[in-house]
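K.L.:
There's a structure below that I have some questions on.
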Ligand code: SOE
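Dropping the structure here:
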C-alpha cells in the first residue's frame, strides 16, 4: 500500500521533510511506499511553486479537508498552528507527524497528547536529533551501563542569527505564535535529548530553576521596508532571546541547560555532555559524525567516528568515513515514523514525549516568573 502524505508547511521544515521523503526509496529499500500527495498552505501562488519544487501532486488551502483524505498528515507549520490541525487529523484517525516543540503552551500540548491517546494511531514529535547515529550509539553505551550512575547532563544549543538588532522580526519572536523563543525552539531539542539519553537511567526531570532573557525587544518587519530600505514598521519581541536553567533528575543527577540566539560565532552548535560514575561522553552537532567517549580507567576522551556499517542507520548510506549530514537525521526519523504507520508499530518521540518536554519548558517559564525552583508537573 502506498501512503498518501499531506504536508502543512513548505518552508524550511517543508524542504527538510520533502527531501527526506524523496530519499527514502533510494536508501531504505524496506521503507513504506509514500507519495507526496498534497501540500497545504495559505498563499496559492507560493504554494504552487513550492509543490513543484518539493514534488507534491497537488495543493490545498483547506487543511480541514486534507486531514480526512490522506493516510498521514505532517504538521510543519509555526508552533501556533500545531494543535488544531493535528487534533482534527487524529480525530479523523489519521496519523500525525508534528514539528517541535509540540505546542506554544502546556495546555495545547496536553490537548494534543490527549487526542493522540484517544486516536491510537502513531503521533510523532519531530525531534530529529534523536536520529543522529552518534547519539543513538551514545544511548546504547548509556543503556549498557558503560557510564555507570548518571551524575551530570550539560546541554547547550547556541546560535547567533539574532545578535544583529536589525535582523528581521519573525513568528519565532512572538509569544502568541511561538510560545517561547530560544527556550522552546532550541531548548525543547536539548530537553528531549536528555530524556532520550538518560531518562531510563536517571528518571524524570523533577525540578528546575531557570531564567529567560530578551536582549532586543523590537525588530524591523522585513516586508514593511520601503525602497530606501528604511523599515516602516517594527514589531515587539515578546519571547526570550536566550534561556538558562538548572535541573534535577529523579536519581539526583544534576543538569544545566541553556540556549541562545545571540551566541556570536555559534551557528547551530547543539552540544550535550554526560558524566557518570564510570565514564563520560561529549557530542557536538557541528561534528555530528563523532562522539567523544571517556571509558572507565582510561586517561582521556577517545573520539569515535560513528560511520561504520554496524553503527545506527549507516548501513543505508556510505562506506566508513563518508560522513553524513544534518539532513540525514530527517531521513532516519521519517523512515521510523512511516514504518510505524505502515506496520502499526510504536514510534518515539511521540506526543507523550513531546508533552514531557513541554512540561519542562513550562516549568522553566514558571521558575523565571517566580525567581525560584519549581517542580515539573508530571501527573
Ligand atoms: C531555529 O533556527 C532552528 O531552525 C530550529 O527551529 C530547528 O528545530 C533546529 O533544528 C535548527 O534551528
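Residue numbers (our numbering): 22 to 400. No residue lacks a Cβ here, since even glycine has one placed at the ideal position from N, Cα and C.
What is the C-beta distance between residue 173 and residue 274, in whole angstroms, given that I count them as a contact (C-beta under 8 Å)?
P.N.:
On the chain shown, position 152 is the one that residue 173 refers to. On the chain shown, position 253 is the one that residue 274 refers to. Going by Cβ atoms, the distance from residue 173 to residue 274 rounds to 7 Å, so yes, they are a contact pair.
K.L.:
Which word fits residue 145, buried or exposed, when buried means at least 16 other C-beta atoms lie within 10 angstroms of its C-beta?
P.N.:
Position 124 of the chain shown, counted from the start, is the residue given in the question as residue 145. Counting Cβ neighbours within 10 Å, residue 145 comes out buried, since at least 16 surround it.
K.L.:
Please classify residue 247: does DSSP put it in a helix, a strand, or coil?
P.N.:
By one-based count along the chain shown, residue 247 stands at place 226. No answer about residue 247 holds up, because its pLDDT of 44 lies below 50 and its placement is not dependable.
K.L.:
Is residue 138 near the ligand SOE, going by C-beta to nearest heavy atom under 8 Å?
P.N.:
As a working mapping, residue 138 is identified with position 117 in the chain shown. In this structure, residue 138 has its beta carbon at no less than 8 Å from each heavy atom of the ligand SOE.
K.L.:
Using alpha carbons as the reference points, say which of 171, 148, 44, 106 lies closest to residue 297.
P.N.:
One-based indexing of the chain shown puts residue 297 at position 276. Selected option, being the one with the closest Cα: 171.
K.L.:
Quick check on DSSP: helix, strand or coil for residue 34?
P.N.:
Looking up residue 34 in the chain shown gives position 13. If DSSP states are grouped into helix, strand and coil, residue 34 belongs with the helices.
K.L.:
Quick check on the DSSP output: the beta strand (DSSP E) that includes residue 309 runs from which residue to which?
P.N.:
Position 288 of the chain shown, counting from 1, holds the residue named residue 309. It is not in any beta strand (DSSP E) - residue 309 carries neither H nor E in the DSSP assignment.
K.L.:
Per DSSP, which one or two residues make a beta bridge with residue 295?
P.N.:
To locate residue 295, count along the chain shown from 1; it is residue 274. Residue 295 pairs with 174, 302.
K.L.:
DSSP state of residue 102, grouped into three classes?
P.N.:
For the purposes of this step, residue 102 is taken as residue 81 along the chain shown, with counting starting at 1. Three-state DSSP puts residue 102 in a helix.
K.L.:
How should residue 128 be labelled, buried or exposed, when 16 other C-beta atoms within 10 angstroms of its C-beta is the threshold for buried?
P.N.:
Taking the first residue of the chain shown as position 1, residue 128 is located at position 107. Classification for residue 128: exposed.
K.L.:
Is the beta carbon of residue 176 less than 9 Å from the beta carbon of residue 95?
P.N.:
In the chain shown, residue 176 corresponds to position 155, counting from 1. In the chain shown, residue 95 corresponds to position 74, counting from 1. No.
K.L.:
Counting pairs of beta carbons, one from the region 155–167 and one from the region 357–373, are three or more of them closer than 8 Å?
P.N.:
no
K.L.:
Can you find the residues in the same chain that come closer than 7 Å, C-beta to C-beta, to residue 126, ignoring five residues on each side of it along the sequence?
P.N.:
Counted from its first residue, the chain shown places residue 126 at position 105. Correct list, in chain order: 200.
K.L.:
Using only the heavy atoms of the ligand SOE, determine whether one of them is closer than 8 Å to the beta carbon of residue 240.
P.N.:
The residue you call residue 240 lines up with position 219 of the chain shown. Checking the Cβ of residue 240 against the ligand SOE gives no.
K.L.:
Verify the contact flag: residue 121, CB atom, against every heavy atom of the ligand SOE, threshold strictly below 8 Å.
P.N.:
Residue 121 sits at position 100 when you count from the first residue of the chain shown. Yes, the ligand SOE has a heavy atom inside 8 Å of this Cβ.
K.L.:
Measure from the alpha carbon of residue 310 to the alpha carbon of each residue in 348, 86, 74, then state which is nearest.
P.N.:
Looking up residue 310 in the chain shown gives position 289. Considering only alpha carbons, the answer is 348.
K.L.:
Rounded to whole angstroms, what's the CA-CA distance from residue 183 to residue 282? Just pull it up for me.
P.N.:
Numbered from its first residue, the chain shown carries residue 183 at position 162. Numbered from its first residue, the chain shown carries residue 282 at position 261. Cα to Cα, the separation comes out at about 5 Å.
K.L.:
Please determine, among 82, 318, 60, 84, the residue with the shortest C-alpha to C-alpha distance to residue 73.
P.N.:
Mapped onto the chain shown, residue 73 falls at position 52. Nearest of 82, 318, 60, 84 to residue 73, Cα basis: 60.
K.L.:
For a test of your reading of the model: does the CB of residue 38 fall under 8 Å from any non-hydrogen atom of the ligand SOE? Yes or no.
P.N.:
The residue you call residue 38 lines up with position 17 of the chain shown. Incorrect: residue 38 has no Cβ contact closer than 8 Å to the ligand SOE.
K.L.:
Hey, would you say residue 401 sits closer than 9 Å to residue 195, going by beta carbons?
P.N.:
For residue 401 there is no data in the structure shown, the boundaries of the chain being 22 and 400.
K.L.:
Going along the chain, which unbroken runs of the beta strand (DSSP E) with 3 or more residues stay wholly within the region 120–146?
P.N.:
144–146
K.L.:
Could you check if residue 403 is buried or exposed, using at least 16 other CB atoms within 10 Å of its CB as the buried criterion?
P.N.:
Residue 403 lies beyond the range of the chain shown here (22 to 400); nothing can be said about it.
K.L.:
If you run the structure through DSSP and keep just helix, strand and coil, what is residue 265?
P.N.:
Position 244 of the chain shown holds residue 265. In the structure shown, residue 265 sits in a strand (DSSP, three-state: E or B).
K.L.:
So who's on the other strand from residue 324, going by DSSP bridges?
P.N.:
In the chain shown, the residue the question calls residue 324 occupies position 303. Partner(s): 313.
K.L.:
Can you tell me the Cβ-Cβ gap for residue 27 and residue 75, rounded? I've got them flagged as a contact below 8 Å.
P.N.:
On the chain shown, residue 27 is found 6 positions in, with the first residue counted as 1. On the chain shown, residue 75 is found 54 positions in, with the first residue counted as 1. Wrong, their Cβ atoms sit about 13 Å apart, outside the cutoff.
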